[in-house]
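Before any comments, here is the structure.
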Amino acid sequence: MRIVQVVGPRCGCVDEAEMLVRRVVAGSGLHIEVQVVREQREMAALGVFAIPGIVIDGLLKTVARIPSEEELRQWLSSQS
Numbered sequence: 024m025r026i027v028q029v030v031g032p033r034c035g036c037v038d039e040a041e042m043l044v045r046r047v048v049a050g051s052g053l054h055i056e057v058q059v060v061r062e063q064r065e066m067a068a069l070g071v072f073a074i075p076g077i078v079i080d081g082l083l084k085t086v087a088r089i090p091s092e093e094e095l096r097q098w099l100s101s102q103s
């Protein structure tokens with residue numbers, strides 16, 4: 024099973040990124056687990072030092088911005 028992690032403390036931009044990820048994953052038809060990482064140590068271990076961060080299957084895809092739905096779909100389909 025693939026894993027998408029939304030990384031950052033509870034705040035507006037991280038919550039927005041989480042909602043986007045969940046919406047795209049729900050519409051993808053793929054088996055993907057969505058996790059939210061809020062612990063500072065875990066964030067650092069993933070290489071996220073600005074928020075929000077999005078990690079797909081252990082690969083840091085973006086930091087400090089929310090991707091577009093299309094960009095997120097491409098990331099998910101290219102790693103299928």
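Per our numbering, residue 24 is the first one in the sequence shown, and the count goes up by one each step. Don't be surprised by glycine CBs; every beta carbon is placed ideally from N, CA and C.
Exposed unless 16 or more other CB atoms sit within 10 angstroms - verdict on residue i
| i | result |
| --- | --- |
| Gly31 | buried |
| Glu62 | exposed |
| Met146 | This structure gives no information on residue 146, because the portion of the chain shown stretches from 24 to 103. |
| Met107 | Lying before the first or after the last residue shown, residue 107 is absent from the chain, which here runs from 24 to 103. |
Identity of the residues DSSP links to residue i by a beta bridge
| i | result |
| --- | --- |
| Val30 | Val60, Gly76 |
| Ile55 | Arg25 |
| Leu83 | Val78 |
Cβ-Cβ distance between residue i and residue j below 8 Å
| i | j | result |
| --- | --- | --- |
| Ile55 | Val37 | no |
| Leu95 | Val47 | yes |
| Val86 | Ala73 | yes |
Residue i - DSSP class collapsed to helix/strand/coil
| i | result |
| --- | --- |
| Gly44 | With the sequence shown as reference, residue 44 is identified as Val, and Gly is not the correct amino acid for it. Here Val44 sits in helix by DSSP. |
| Val71 | coil |
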